[in-house]
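In my numbering, the protein residues as written are 159 to 294. Just so you know, even glycine gets a beta-carbon here, dropped at the ideal spot from N, CA and C. Some notes on the structure that comes next.
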Amino acid sequence: MPEPAGDLRRLTAIVIDSVLLTGLLGVLSLGVRVGGDRPFGAFWAVAIGCGLGVSFLNHVVLTRMLGASVGKFVVRTRVILEKTGTRPRVPRLVKRWLAGYGFLVLWLIMAVFDGADDPEDLCGVRMVRRRDLLSV
Numbered sequence: 159m160p161e162p163a164g165d166l167r168r169l170t171a172i173v174i175d176s177v178l179l180t181g182l183l184g185v186l187s188l189g190v191r192v193g194g195d196r197p198f199g200a201f202w203a204v205a206i207g208c209g210l211g212v213s214f215l216n217h218v219v220l221t222r223m224l225g226a227s228v229g230k231f232v233v234r235t236r237v238i239l240e241k242t243g244t245r246p247r248v249p250r251l252v253k254r255w256l257a258g259y260g261f262l263v264l265w266l267i268m269a270v271f272d273g274a275d276d277p278e279d280l281c282g283v284r285m286v287r288r289r290d291l292l293s294v
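Next comes the structure, spelled out in structure tokens:
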């Protein structure tokens, strides 16, 4: 079983995915703002809904199809099951996607109170370097 990818690769993938999401949301929100005369609350509801949709496509659909989100693909890592080394199926990826939002809140709280290390992945999924996966 390949070793987990390093923290720098993981962080870089997160940054790339975040920049992608922010850029797409910026373009979309500009289009919604220019294209329609919506109240402020409706604008944010659309923006948040679209953000969740793009995030779902990136972290669930693309990861199921390619083994990686856009950010993970760029840094040459893949997502595999810890026990078998195979590509995770959609239900596990959805669980991981939802748990990621909970982890974000937990990470912010831990940062404020100088918490310990990051919690392990809740879903039995591991991010590994593509090169290590090919050599197995």
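| task | Just the C-alpha distance for K253 and F201, rounded to the nearest angstrom, thanks. | result | 28 Å
| field | Local Cβ density within 10 Å of T235, reported as buried at 16 or more and exposed below that | value | buried
| said: Using 8 Å for Cβ pairs, my map puts F231 next to L224. What's the rounded Cβ distance? | reply: 6 Å
| task | Keeping to the same chain, check which residues put their C-beta closer than 6 Å to that of R167; ignore five residues upstream and five downstream. | result | V233 and T235
| said: What does the Cβ neighbour count give for I238, buried or exposed, with the cut at 16 atoms within 10 Å? | reply: buried
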